[in-house]
Amino acid sequence: MSHASRRARLAAELPDHGATGILVTWPVNVRYLTGLSSSNAAVLVDSSGHAVLATDSRYIETARRRCPDIELVENRDVAGVLAARAAGSGGGLLVEADHMPVSVFTALGGAERVTPVSGLVESVRRVKDEGEIESLRRACAITDEAFSLVIGRIRPGVTEREIARWLEFRMMELGAQKPAFDTIIASGPNGSIPHHSPSDRPIESGDLVTMDFGALFDGYHADMTRTVAVGEPADWQRDLYELVRQAQQAGRHAVRPGATAREVDAAARDLIAEAGHSEHFGHGLGHGVGLEIHELPFLGPDKTGRLEDRVPITVEPGVYLPGRGGVRIEDTLVTRDDAPELLTLTTKELLVL
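In full-length UniProt numbering, the protein residues as written are 1 to 353.
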């Protein structure tokens, strides 16, 4: 899908909000609509799909190369110059409530009617085109391969921080722009902390080690978590792993167009609750991925909405036992009309190193 097609989809939403234009200032959304990555750019899209892109002298030449089909304006005050343009054309103007600073919003008071709107571009971004899915597929392939290259180096004595560095180096070596987010390595009792930051704790025989990491490729974020055992696991560790594996499988199988966020979450959460661990699974089951590591939709017991075709989503149940350790298994997959497409392919069986 072209950037013009994306802008047309956004433009089609404007009449429902009583507006004739939207001023987009969030860099991720500007990139999605125009192709320009910049720290200072904004795009004005009207109800016909016509767009005006504003940026400053640092990025104007890049904009000319990457956005040949868009009217360009060179100005440091990207929001102000486009708001003035919108005021001159009349009609209501939407701005991004979740991203625009109050100071900038106040300065836009000269527009005839400025209305904050939440999540409009993000809702358009939910459904990915095949080009976006291919970028995600490549990001996930890099993530899978990095894991396969590093897993053999994990043994007693290496530290969480070392494992994180190895994974990140391999992802970069394989073509990633950078890690998609701060890598999580949680060993032994640290595994009870879902977002543990890698430390200098050495791996010990008998540890479970949870690794949550991903590659960024062409701006798109992979997200995968695997938990492995170092040395022969205890019975409770095998049982805990098998519970999470089954819950994760149930969650993946529930991903389909039309399924509600609560239904998919419940498919995994109910199994964990039935095993007596409801209090040990405190986060949502998953989230959308794309140009951001966390984006719409979100899966959880309090989330609303239904999945659609071609929506990348993670499924990541976990059970965390304070003072003992934990298990999380996560995949990135894409909803499809027939069956979900799994993008992270590394085995979910327990690896004993």
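The C-beta atom is built at its ideal place from N, Cα and C for all residues, glycine as well.
For the beta strand (DSSP E) containing residue i, list its first residue and its last residue.
i, result
"Thr210", "207 to 213"
"residue 388", "Outside the modelled stretch of the chain, which goes from 1 to 353, sits residue 388, for which no answer is possible."
"Tyr320", "318 to 321"
Using a threshold of 8 Å, state whether the C-beta atoms of residue i and residue j are closer than that.
i, j, result
"Glu160", "Ser205", "no"
"Asp331", "Arg269", "no"
"Leu23", "Leu44", "yes"
"Asp46", "Thr346", "no"
"Glu154", "Ile193", "Reading off the sequence, residue 154 comes out as Ile, not Glu. Contact: no."
"Lys348", "Gln248", "yes"
"Leu216", "Ala139", "yes"
"Ala42", "Val78", "yes"
"Val289", "His221", "yes"
"Gly91", "Gly21", "yes"
"Pro340", "Val255", "yes"
"Asp309", "Arg336", "yes"
"Ser39", "Val30", "no"
Mapping DSSP to helix, strand and coil, what is residue i?
i, result
"Phe298", "strand"
"Asp77", "coil"
"Leu285", "coil"
"Phe217", "strand"
"Glu349", "coil"
"Ile22", "strand"
"Asp331", "strand"
"Arg324", "coil"
"Arg31", "helix"
Nearest by alpha-carbon distance to residue i: which of the options is it?
i, options, result
"Ala8", "Gly119, Arg85, Arg125", "Arg125"
"Ser187", "Leu285, Arg226, Ala222", "Arg226"
"Arg262", "Leu299, Gln246, Ile293", "Leu299"
"Cys67", "Gly286, Ser2, Thr210", "Ser2"
"Gly323", "Pro189, Val311, Glu71, Leu285", "Pro189"
"Arg6", "Ser37, Val121, Ser38, Thr55", "Val121"
"Leu353", "Ala12, Pro233, Asn40", "Pro233"
On the criterion of 16 or more Cβ atoms from any shown chain inside 10 Å, does residue i qualify as buried, or is it exposed?
i, result
"Ser57", "exposed"
"Leu53", "buried"
"Thr106", "exposed"
"Trp236", "exposed"
"Val334", "buried"
"Ser135", "buried"
"Thr304", "exposed"
Tell me which residue opens and which closes the alpha helix (DSSP H) that residue i is part of.
i, result
"Glu132", "130 to 150"
"His311", "Note that residue 311 is Val in the sequence shown, not His. Here Val311 belongs to no alpha helix (DSSP H), and DSSP marks it neither H nor E."
"residue 354", "Because the chain spans 1 through 353 in this model, residue 354 falls outside it and cannot be assessed."
"Met171", "160 to 173"
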